[in-house]
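What follows is a short report on a single structure.
2 protein chains.
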Amino acid sequence: MRVEIWSDIACPWCYVGKARFEKALAAFPHRDEVEVVHRSFELDPGRAQGDVEPVLTMLTRKYGMSEAQAQAGEENLGAQAAAEGLEYRTRGRDHGNTFDLHRLLHFAKERGRQDELLQLLYRANFAEERSLFTEGDERLVELAAEAGLDAGAARAVLADPAAYADDVRADEREAARLGANGVPFFVLDRAYGVSGAQPAEVFAQALTRAWDARPPLAHVDAGDAGACGPDGCAVPRS
Amino acid sequence: MRVEIWSDIACPWCYVGKARFEKALAAFPHRDEVEVVHRSFELDPGRAQGDVEPVLTMLTRKYGMSEAQAQAGEENLGAQAAAEGLEYRTRGRDHGNTFDLHRLLHFAKERGRQDELLQLLYRANFAEERSLFTEGDERLVELAAEAGLDAGAARAVLADPAAYADDVRADEREAARLGANGVPFFVLDRAYGVSGAQPAEVFAQALTRAWDARPPLAHVDAGDAGACGPDGCAVPRS
Chain A
1 MRVEIWSDIA
11 CPWCYVGKAR
21 FEKALAAFPH
31 RDEVEVVHRS
41 FELDPGRAQG
51 DVEPVLTMLT
61 RKYGMSEAQA
71 QAGEENLGAQ
81 AAAEGLEYRT
91 RGRDHGNTFD
101 LHRLLHFAKE
111 RGRQDELLQL
121 LYRANFAEER
131 SLFTEGDERL
141 VELAAEAGLD
151 AGAARAVLAD
161 PAAYADDVRA
171 DEREAARLGA
181 NGVPFFVLDR
191 AYGVSGAQPA
201 EVFAQALTRA
211 WDARPPLAHV
221 DAGDAGACGP
231 DGCAVPRS
Chain W
1001 MRVEIWSDIA
1011 CPWCYVGKAR
1021 FEKALAAFPH
1031 RDEVEVVHRS
1041 FELDPGRAQG
1051 DVEPVLTMLT
1061 RKYGMSEAQA
1071 QAGEENLGAQ
1081 AAAEGLEYRT
1091 RGRDHGNTFD
1101 LHRLLHFAKE
1111 RGRQDELLQL
1121 LYRANFAEER
1131 SLFTEGDERL
1141 VELAAEAGLD
1151 AGAARAVLAD
1161 PAAYADDVRA
1171 DEREAARLGA
1181 NGVPFFVLDR
1191 AYGVSGAQPA
1201 EVFAQALTRA
1211 WDARPPLAHV
1221 DAGDAGACGP
1231 DGCAVPRS
């Protein structure tokens, strides 16, 4: 079974939801047969690269919250994160464009290091004092290397704005096609969609439901073709 | 869309079928949104590691063919391969256990180099004079390095019989569950199965059919949960 998770590094509920989903997955009897794939979703695609502002400023400016409301929202998210054993800095975080982060995650996927990098990016954005957005590419290269990727190759990906850009956009088109308006958005075997950072029990039920519902294959009947089996290789009658 | 291809390196129709499928895929309008995954299938799982014999000997001994029949079969396969632009040695090839090749392919998958290695293994087995089965691990390490993998890491995988063994077996269990009796076996989005090295036109039709039939997701209705979207991050009402 395959679970695709659309999310953004700048999305606190994605950070929390990933932990809740992983708790359910760890207890799922068929967990070894579940493959998890990260998919790209940008919460703020219109923001220019390099346009960075504090999260609290963004919240008050963009959504018209008072500073106290914005801070209370962050405190609530911090408490939800803590309940999942995650660190969360409720003050001093930055907000910025995440397109390059998603490009780098697609590069990491190709190299089998996607989940390692995703975890490090979440941690860097939500738990660490250093900003993920103001130190330029070298900070990301450092995280890529920590995830087991080649630093030079990661640097080259970041330096080329076209690298993996189509993969990010394809994920975003697919999210729209599947009806996702927000993230995290979980898709199980392309059959069931789950929206939001649901409690682990909801993910556990969805995993069981999707597992039990896997349909039998429709075998395309296209006539004899060459094939090999335990009794040797058969040549088609023509 | 995702296409999984169950196959064995020792399977001539898998070698031919892969080329036919790729021809159809290259002409498919949504080819950039198709992900192809190799899945393991052993044609001769009971054969001991290191038990190597010439293909023609195996065919006469195991299936009771005459030498002329076995050779004619190989000539036919050679002609089918040539029609797809593939080299195929109809004499002097070896047959052996492929479990370690599949383990190595799973390692390559984790490192984003699976298709590169698969192509090199097919080529080594069907087109090259050197045997894939009699030169020990170093021959495979060489091919892994050519596929872009780290030679030391590939050597370590081959030296540890447990490495990726569960992945190979999981693929084989899944093939059985999906009703595959032989290979190549193509599964499109876990919805359509296509058996054998079908002509490219059959693969083209199957790709179109599977693409058009992608069902809408069933959204699991689990109540409000924290999520972020273009309008900010919503906290669930509880």
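Chain order of the listed sequences is A and W. All residue numbers in the first sequence are consecutive under our numbering, ending with 238. All residue numbers in the second sequence are consecutive under our numbering, ending with 1238. Glycine included, every Cβ here is placed at the ideal spot set by N, Cα and C.
Cutoff 7 angstroms: residue i Cβ touching any chain A Cβ
i, result
"residue 1110 (chain W)", "yes"
"residue 1194 (chain W)", "yes"
"residue 1181 (chain W)", "yes"
"residue 1013 (chain W)", "yes"
"residue 1219 (chain W)", "yes"
"residue 1178 (chain W)", "yes"
"residue 1202 (chain W)", "yes"
Nearest-angstrom beta carbon gap, residue j and residue i [assumed within contact, 8 angstroms]
i, j, result
"residue 144 (chain A)", "residue 104 (chain A)", "6 angstroms"
"residue 41 (chain A)", "residue 7 (chain A)", "6 angstroms"
"residue 38 (chain A)", "residue 5 (chain A)", "6 angstroms"
"residue 133 (chain A)", "residue 96 (chain A)", "3 angstroms"
"residue 1200 (chain W)", "residue 1023 (chain W)", "4 angstroms"
"residue 163 (chain A)", "residue 1032 (chain W)", "Residue 163 (chain A) to residue 1032 (chain W), Cβ: 15 angstroms. No contact."
"residue 1012 (chain W)", "residue 228 (chain A)", "7 angstroms"
"residue 188 (chain A)", "residue 58 (chain A)", "32 angstroms between Cβ atoms; not a contact."
"residue 1093 (chain W)", "residue 1052 (chain W)", "With a Cβ gap of about 11 angstroms, residue 1093 (chain W) and residue 1052 (chain W) do not count as contacting."
Identified DSSP bridge partners for residue i
i, result
"residue 40 (chain A)", "A:7"
"residue 1233 (chain W)", "W:1228"
"residue 1002 (chain W)", "W:1035"
"residue 172 (chain A)", "None; residue 172 (chain A) has no bridge partner."
"residue 54 (chain A)", "A:94"
Contact with chain W by residue i, beta-carbon distance below 7 angstroms
i, result
"residue 122 (chain A)", "no"
"residue 226 (chain A)", "yes"
"residue 30 (chain A)", "no"
"residue 222 (chain A)", "yes"
"residue 197 (chain A)", "yes"
"residue 206 (chain A)", "yes"
"residue 232 (chain A)", "yes"
"residue 229 (chain A)", "yes"
When you check each C-beta in the stretch 1062–1078 of chain W against every C-beta of chain A, which residues fall closer than 9 angstroms? 1062, 1063, 1065, 1073, 1076, 1077
Check distances from the C-beta atoms of the stretch 1033–1048 of chain W to those of chain A and list, in chain order, the residues that come in under 7 angstroms. Taking 7 angstroms as the cut-off between beta carbons, the residues of the stretch 1033–1048 of chain W near chain A are 1033, 1043, in sequence order.
Entirely within the stretch 1069–1153 of chain W and at least 4 residues each: give me those alpha helix (DSSP H) ranges in chain order. 1099–1110, 1114–1126, 1137–1146
Residues, ordered as in the chain, of the stretch 1158–1171 of chain W that lie near chain A by beta-carbon distance below 8 angstroms: 1166, 1170
Entirely enclosed alpha helix (DSSP H) segments - the stretch 184–221 of chain A, minimum 4 residues: 200–212
Residues of the stretch 84–118 of chain A whose Cβ lies closer than 8 angstroms to any Cβ of chain W, in chain order: Answer in chain order: 109, 110, 111, 112.
Closer than 7 angstroms, Cβ to Cβ, to anything on chain W: give me those residues from the stretch 129–161 of chain A, in chain order. none
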